[in-house]
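> Those sequence lines, one after another, are chains A and B. Residue numbering for the first sequence follows this note's numbering, starting at 6 and increasing by one per position. Residue numbering for the second sequence follows this note's numbering, starting at 132 and increasing by one per position.
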Amino acid sequence: MAEAEGESLESWLNKATNPSNRQEDWEYIIGFCDQINKELEGPQIAVRLLAHKIQSPQEWEAVQALTVLEACMKNCGRRLHNEVGKFRFLNELIKVVSPKYFGDRVSEKVKTKVIELLFSWTLALPEEAKIKDAYHMLKRQGIVQSDPPIPMDRTLIPSPPPRPKNP
Amino acid sequence: LGEESEERDDHLLPM
Chain A
6 MAEAEGESLE SWLNKATNPS NRQEDWEYII GFCDQINKEL EGPQIAVRLL
56 AHKIQSPQEW EAVQALTVLE ACMKNCGRRL HNEVGKFRFL NELIKVVSPK
106 YFGDRVSEKV KTKVIELLFS WTLALPEEAK IKDAYHMLKR QGIVQSDPPI
156 PMDRTLIPSP PPRPKNP
Chain B
132 LGEESEERDD HLLPM
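(1) Compare the C-beta of A/LYS99 against all C-beta atoms of chain B and say whether one is closer than 7 Å.
(2) Whose C-beta lies closer than 8 Å to the C-beta of A/GLU64 among residues of the same chain, with five residues either side of it excluded?
(3) Output the distance between the C-alpha atoms of A/SER25 and A/PRO154, rounded to the nearest integer angstrom.
(4) Does the count of Cβ pairs from the region 75-93 of chain A and the region 50-66 of chain A closer than 8 Å reach three?
(5) What does the alpha-carbon distance come out to for the pair B/LEU144 and A/HIS141?
(6) CB-CB under 8 Å to A/VAL119, same chain, minus the five flanking residues each way: which ones, in chain order?
(7) Quick one, which of A/GLN28, A/ARG27 and A/TYR33 has its alpha-carbon nearest A/SER16's?
(8) Mapping DSSP to helix, strand and coil, what is A/CYS81?
(9) To the nearest angstrom, how far is it from the Cα of A/MET78 to the Cα of A/LEU122?
(10) Check whether the Cβ of A/PHE94 lies closer than 7 Å to any Cβ atom in chain B.
(11) With a 10 Å radius around its C-beta and 16 neighbouring C-beta atoms as the bar for buried, classify A/LEU45 as buried or exposed.
(12) If we cut at 7 Å on Cβ distances, does B/LEU144 have a partner in chain A?
(13) At a Cβ threshold of 7 Å, is A/PRO163 touching chain B?
(14) Can you find a C-beta in chain B that's less than 7 Å from the C-beta of A/LYS137?
(15) Rounded to whole angstroms, what is the Cα-Cα separation between A/ASP152 and A/GLU12?
(16) Grouping DSSP H, G and I as helix and E and B as strand, with all else coil, what is A/ILE155?
(17) Can the beta-carbon of A/LEU4 be found closer than 7 Å to that of A/ALA67?
(18) Please return the same chain residues whose Cβ sits closer than 8 Å to the Cβ of A/ILE35, not counting the five positions on each side in sequence.
(19) Pull out every residue of the region 124-155 of chain A whose Cβ sits closer than 7 Å to any Cβ of chain B, in chain order.
And the structure:
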């Protein structure tokens, strides 16, 4: 597949989360990550787009979006961690798992993955206090019964932050 | 500045 110059974040994400994909398409997933790193407002735009896809009623679209999110967290560094670590984004993940919002309509597969991601970030990103706040609130509410087992490949090792576009 | 006010407005969802 030829690389498209100037593809937007939205375009990359639509391809990476297309419900017609037979399997996860890493070319588009990494393309999305790379595009985030290229754009000054990449992380801010990306989390908004991801939140929307993660809330998709189509399970496969949501699952792929979570895979993209996970890849972004590994590849886009601190700028993205900061955006994910805001309640503005975390609240959208909370809505997915909470019965007060969308939790009753969302599949267990999606909810489980959200909780695994949140928990893994509480360990890997201790400086992002809001992630811990959000996760512990889910526990207090009984939405998370116990800490999930984290697969070895989920140990998030943040990559070094990309060169900042502005000082 | 802009970031500080963003910080102030960033609240956990009421449950």
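The beta-carbon is built from N, C-alpha and C at its ideal position, and this holds for glycine as well.
The short version:
(1) Within the first sequence, the letter at position 94 stands for residue 99 of chain A. Per the sequence presented here, residue 99 of chain A reads as Ile, with Lys not at that position. Closer than 7 Å: yes.
(2) In the first sequence, the residue the question calls residue 64 of chain A occupies position 59. Only SER112, LYS114 and VAL115 meet the Cβ criterion.
(3) On the first sequence, position 20 is the one that residue 25 of chain A refers to. On the first sequence, position 149 is the one that residue 154 of chain A refers to. Computed Cα separation, rounded: 30 Å.
(4) yes
(5) To locate residue 144 of chain B, count along the second sequence from 1; it is residue 13. To locate residue 141 of chain A, count along the first sequence from 1; it is residue 136. Taking the straight line from one Cα to the other gives about 13 Å.
(6) Start at 1 with the first residue of the first sequence, and residue 119 of chain A comes out as number 114. Around A/VAL119: ILE59, LEU71, LEU98, VAL101 and VAL102.
(7) Sequence index remark: in the first sequence, residue 16 of chain A carries index 11 (1-based). Nearest of A/GLN28, A/ARG27 and A/TYR33 to A/SER16, Cα basis: A/TYR33.
(8) Reading the first sequence from its first residue, position 76 is the one you call residue 81 of chain A. Residue state, collapsed to three classes: coil.
(9) As a position in the first sequence, residue 78 of chain A is number 73, starting the count at 1. As a position in the first sequence, residue 122 of chain A is number 117, starting the count at 1. A/MET78 and A/LEU122: Cα-Cα distance of roughly 10 Å.
(10) The residue labelled residue 94 of chain A in the question sits at position 89 within the first sequence. So no, A/PHE94 is outside the interface.
(11) Residue 45 of chain A sits at position 40 when you count from the first residue of the first sequence. A/LEU45 comes out exposed.
(12) As a working note, residue 144 of chain B is residue 13 in the second sequence. Yes, contact with chain A.
(13) Along the first sequence, one-based indexing puts residue 163 of chain A at 158. Its pLDDT being 49, under 50, A/PRO163 is placed unreliably in this model, and the value from its coordinates should be taken loosely. Chain B contact via Cβ: absent.
(14) In the first sequence, the residue the question calls residue 137 of chain A occupies position 132. No, because no Cβ of chain B sits closer than 7 Å to the Cβ of A/LYS137.
(15) Locating residue 152 of chain A in the first sequence gives position 147, counting from the first residue. Locating residue 12 of chain A in the first sequence gives position 7, counting from the first residue. Between A/ASP152 and A/GLU12, the C-alpha separation is close to 39 Å.
(16) In the first sequence, counting from the first residue as 1, residue 155 of chain A sits at position 150. Note: A/ILE155 maps to coil in three-state DSSP.
(17) Lying outside 6 to 172, the shown extent of chain A, residue 4 of chain A is not represented and no answer is given.
(18) For the purposes of this step, residue 35 of chain A is taken as residue 30 along the first sequence, with counting starting at 1. For A/ILE35, where only same-chain residues beyond five positions count, the Cβ hits under 8 Å are ALA76 and ASN80.
(19) ASP138, ALA139, MET142 and GLN146
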